[in-house]
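Input: a single structure, listed below in structure tokens.
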């Protein structure tokens, strides 16, 4: 059983995707055209924000937000950005690429997201932003984060790579409850495996700040507002017409598919509730279940067992950013909870197209492992 079968997941609307691909090909216009503009408007309407800038990928979206804030004088090299210690490395790469300083914060053990109740002691005179990551599909938001940002005049930059369609119970800064429109700006990824996935690399910056959107759009186009006139030292990060057309089709199905993911997660949790595993917490519409994470003290053995049962799993993530070899200056840091999670977490297959039989097989395979370990320990 594949961890994620993209061919099967795209099959329900394959004919629509082929049709819009043919329309783009026949149009003869492949960059910065009507399809991109239309998708940007559609995304704004869905999220409840004023501006969307379609870019090359999710990492670029975060890089561009920070670079734009530097161009606007909101930040400068050496300023600090609070980031989760428990996250994918792209969050941190965006910070260091702009010669800003990541300040790592431990997660909340219950949600696995940034612990927004324990950030204030990390704030210094150089802190300029907090970058919450809506990890595994669960929104990371709350009044304490809004209050902290207001008190210290910090920007809130969402990493919304994994949670398109998640809704917060607490409205964001501009009134929307949708992840991607909660803070001052958000970086969104449409990598093929995401809940809203393109058929290649793609991303977007979303915001309700007109000035920020204007600078991001120029930076993503070689730093140019007008061809051959370059206001900034930008780079090339533009979504193409084909990916925009695909995403416009798939956005129409997103809420229904996220609902199916919630059903899958609920089914797993029901079947696994009597195991010794630590299961993810149900969170209603705050969670869109990009991943279903279980925690196991014998994670590697569990993964090996599932592999022997032909169940593919993944580890998100085996090495925290501060322990990666590309960041030797942070290797000495210690974040006990983050490091323990990296040794315990295992992602089970989850997708809208999974059948009850498939979900049952995965869960029963996990239960057989747990029962076998318990019998072994009791001998």
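Numbering (the working numbering), first residue to last: 642 to 1020. All C-beta atoms, glycine included, are put in the ideal place defined by N, C-alpha and C.
Buried/exposed call for residue i, threshold 16 Cβ in 10 Å
i            : result
residue 722  : buried
residue 881  : buried
residue 828  : buried
residue 774  : buried
residue 896  : exposed
residue 748  : buried
residue 966  : exposed
residue 664  : exposed
residue 671  : exposed
residue 794  : exposed
residue 921  : buried
residue 914  : exposed
residue 653  : exposed
residue 677  : buried
residue 751  : exposed
residue 792  : exposed
residue 1019 : With a pLDDT of only 41 at residue 1019, under the threshold of 50, the placement of this residue in the model should not be trusted; the figure read from the coordinates follows. When all chains shown are included, residue 1019 counts as exposed.
residue 960  : exposed
residue 1017 : Low confidence applies to residue 1017: its pLDDT is 49, below 50, so where it sits in the model is not reliable, and the reading given next is rough at best. So residue 1017 ends up on the exposed side.
Boundaries of the alpha helix (DSSP H) in which residue i is found, first to last residue
i           : result
residue 907 : 895-913
residue 852 : 851-860
residue 889 : 882-892
Beta-carbon proximity of residue i to residue j, cut-off 7 Å
i            : j           : result
residue 807  : residue 820 : yes
residue 893  : residue 929 : no
residue 822  : residue 798 : no
residue 699  : residue 844 : yes
residue 726  : residue 979 : yes
residue 940  : residue 883 : no
residue 857  : residue 694 : yes
residue 906  : residue 645 : no
residue 927  : residue 780 : yes
residue 848  : residue 839 : no
residue 1010 : residue 912 : no
residue 817  : residue 782 : no
residue 952  : residue 642 : yes
residue 796  : residue 837 : no
residue 790  : residue 763 : no
residue 650  : residue 994 : yes
residue 833  : residue 647 : yes
residue 931  : residue 777 : yes
Neighbourhood of residue i by C-beta, 8 Å cutoff - its chain only, sequence neighbours within 5 removed
i            : result
residue 679  : 885, 889
residue 719  : 740, 741, 742, 767
residue 887  : 658, 661, 662, 839, 840
residue 1012 : none
residue 867  : none
Boundaries of the beta strand (DSSP E) in which residue i is found, first to last residue
i           : result
residue 845 : 844-848
residue 724 : 721-725
residue 630 : The chain is shown only over 642 to 1020; residue 630 falls outside these bounds and no answer can be derived.
residue 879 : Note, residue 879: premise wrong, no beta strand (DSSP E); not H, not E.
residue 867 : 865-867
Neighbourhood of residue i by C-beta, 7 Å cutoff - its chain only, sequence neighbours within 5 removed
i           : result
residue 909 : 933, 989, 1000, 1004
residue 743 : 722, 724, 733, 736, 737
residue 696 : 702, 705, 844, 845, 846, 861, 878, 879, 880
residue 873 : 712, 859, 860, 864
residue 924 : 779
residue 971 : 963
residue 917 : 1011
residue 958 : 729, 983
residue 785 : 757, 758
residue 710 : 716, 796
residue 842 : 697, 698, 832
residue 666 : none
residue 811 : 782, 783, 784
residue 946 : 1010
residue 977 : none
Cβ-based neighbour list, residue i, same chain, cut-off 6 Å, excluding 5 preceding and 5 following
i           : result
residue 962 : 730, 733
residue 919 : 936
residue 901 : 993
residue 689 : 817, 819, 822
Cβ-heavy atom distance, residue i to the ligand GDP, below 6 Å
i           : result
residue 945 : Absence of the ligand GDP from the depicted structure is noted, as is the absence of any ligand whatsoever, leaving it without description.
| message | As an exercise, report each continuous beta strand (DSSP E) stretch of at least 3 residues that is fully enclosed by the region 643-713, in chain order. | response | If we require 3 residues or more, the beta strand (DSSP E) runs fully inside the region 643-713 come out as 692-696.
| request: Run through the region 913-999 for me and flag every whole alpha helix (DSSP H) of 4 or more residues, listed as ranges in chain order. | output: Taken in chain order, the unbroken stretches of alpha helix (DSSP H) that lie wholly in the region 913-999 and span 4 residues or more are 940-949, 977-985.
| field | Minimum length 4: unbroken alpha helix (DSSP H) runs contained in the region 737-812 | value | DSSP runs (the alpha helix (DSSP H)) wholly in the region 737-812: 784-793.
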